Each structure stands twice: as C-alpha cells, then as structure tokens.
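Some notes on the structure that comes next.
Numbering (this note's numbering), first residue to last: 624 to 848.
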C-alpha cells in the first residue's frame with residue numbers, strides 16, 4: 624500500500640530491476656544499495672529521524688506505485704526485467720523483529736499498532752512494561768503488520784510466478800553478488816561496505832539469531848523472563 628515503508632517494490636529502471644524489500648531480511652542494506660546505485664552521495668546514512676533509508680517520501684527511491692498501471696503491468700511480466708526478493712528462515716526472522724528493539728519498546732509498538740482502542744491488550748508478565756518473546760508470538764499471530772507478517776503474503780499471490788530471482792538471507796553475501804552481476808551492477812557490492820568501508824555487501828551481516836533462539840526460549844521456560 625502507498626505510504627508504507629515496504630508497501631511496494633522498488634524499481635531501478637536503469638538496471639531493469641524490481642526488488643521486493645521485506646522487514647528484517649536485510650531491507651536497510653538493500654535500500655542503502657539502491658540509493659547508492661541512484662547516485663545519492665549520502666547513500667550510507669541510516670537515520671530514523673531523517674527517514675533514511677526507509678521512508679519512501681524521503682529516500683529518493685522509485686516505487687512501483689510511482690508508475691502508471693500500464694508500465695507497472697509490463698514491468699511485472701516482461702522477461703527483460705529481473706523481479707527479485709530475498710527470504711529468511713521464519714523463526715530467525717520473527718526473533719529478529721523481536722530483538723530489533725528493547726522488550727519495552729516492542730511492547731509500546733504493539734500497543735500502538737495492534738490495540739489502539741484497548742491498550743490493555745498487551746498484558747506483559749515481563750515486568751517494567753516489557754514483553755516476553757512468547758507473548759510477542761501470541762500477539763503478533765493475531766495482528767497483521769508489515770514488520771512481522773508472513774513473507775508468503777509479501778505480495779499478492781498472482782505475482783509470485785513472475786518472481787525470477789529468489790535469494791536467501793542466510794547466504795546474502797553470495798546471493799547479493801549474484802544478483803548484482805546479473806543486472807550489471809556488481810561494482811556497487813564489491814566495496815564501500817562495513818564500518819571501515821572496505822567490505823563487500825553483506826560481508827559482515829549478523830546471522831546469529833539462529834543460535835539465540837534456543838537461548839531466548841530456554842531462558843523464558845526456566846526463569847519466566
């Protein structure tokens with residue numbers, strides 16, 4: 624939907640690429656990359672206050688909703704275009720959405736987005752207004768939000784057959800380079816990344832949540848917190 628951070632795929636006409644970003648599947652890095660490909664000198668900036676790189680009204684990226692219906696239909700079906708999405712293990716992704724903020728911030732987000740009429744829908748046993756992971760799972764199962772909604776409903780079902788590139792977050796470094804090579808943009812992923820600017824894209828991305836899931840679950844089972 625128009626206005627949502629990931630409400631429509633990003634379109635890079637010069638590279639004939641349509642990319643469906645998904646929260647907690649490297650979306651920050653992807654939007655930085657696309658801003659870099661479009662020539663923005665501040666492409667590396669990640670600043671929530673200034674809406675970068677996520678806010679569609681501020682990031683300078685072109686979205687499918689900016690196209691006419693005819694152009695959008697052609698882009699989504701033409702064999703000349705690459706239509707890409709990256710996916711992630713669902714268990715790792717839901718844990719990542721939970722850990723992306725503090726438990727207290729997560730509880731506040733759910734109150735705002737899932738129960739604006741009845742704030743008491745978040746009744747935490749985690750203390751200090753925080754939210755346990757098991758409570759987070761129960762609440763998000765009944766509240767549709769782009770942050771944690773299933774990747775299978777990232778787009779309408781009729782468009783999935785037209786996706787012709789699927790990458791995986793678990794192998795993001797290799798798959799990202801493969802995608803960039805396919806569209807003739809490999810130079811944008813070969814350097815300039817990481818804190819020192821000497822890494823390749825996704826070279827240092829954190830994929831340790833699969834090791835943290837048992838720790839989080841066991842902690843709550845044993846200690847109740």
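Yeah, the Cβ is synthetic: ideal placement off N, Cα and C, and Gly gets one too. Note that the coordinates shown come from a computational prediction; the quantities given were computed from them, not determined experimentally.
Below 6 Å CB to CB, which residues in the same chain sit around residue i once its five sequence neighbours on both sides are set aside?
i	result
residue 711	648, 792
residue 766	737
residue 628	677
residue 640	705, 806
residue 684	633, 657
Using DSSP with H/G/I as helix, E/B as strand and the rest coil, what is residue i?
i	result
residue 643	strand
residue 846	Unreliable positioning characterises residue 846 in this predicted model, as indicated by a pLDDT of 46, which lies under 50. The coordinate reading is nonetheless provided below. Helix.
residue 750	Residue placement at residue 750 is poorly supported in this model, since its pLDDT is 47, which falls under 50; the coordinates still yield a value, given next. In this structure, residue 750 counts as coil in the three-state DSSP scheme.
residue 680	coil
residue 788	strand
residue 816	strand
residue 822	strand
Take residue i as the anchor and find which of the options has the nearest alpha-carbon.
i	options	result
residue 715	801, 629, 701, 760	760
residue 709	682, 679, 796	796
residue 645	825, 794, 802, 775	775
residue 807	768, 704, 722	704
residue 642	826, 785, 665, 706	706
residue 794	777, 672, 828, 785	828
residue 700	785, 812, 809, 802	785
residue 636	650, 660, 652, 664	660
residue 722	697, 755, 691, 692	755
residue 824	657, 675, 673, 758	657
residue 719	672, 670, 771	771
Which residue or residues does DSSP assign as beta-bridge partners of residue i?
i	result
residue 705	640
residue 670	675
residue 686	633
residue 648	Per DSSP, none; premise fails for residue 648.
Go through its chain and collect everything with a Cβ distance to residue i's Cβ below 7 Å, but skip five positions before and after it.
i	result
residue 695	687
residue 667	655
residue 787	705, 706
residue 782	699
residue 803	809, 811, 812
Looking only at its own chain, which residues have a Cβ that is under 8 Å from the Cβ of residue i, when we skip the five neighbours before and after it?
i	result
residue 826	796, 816, 817
residue 724	732
residue 713	773, 774
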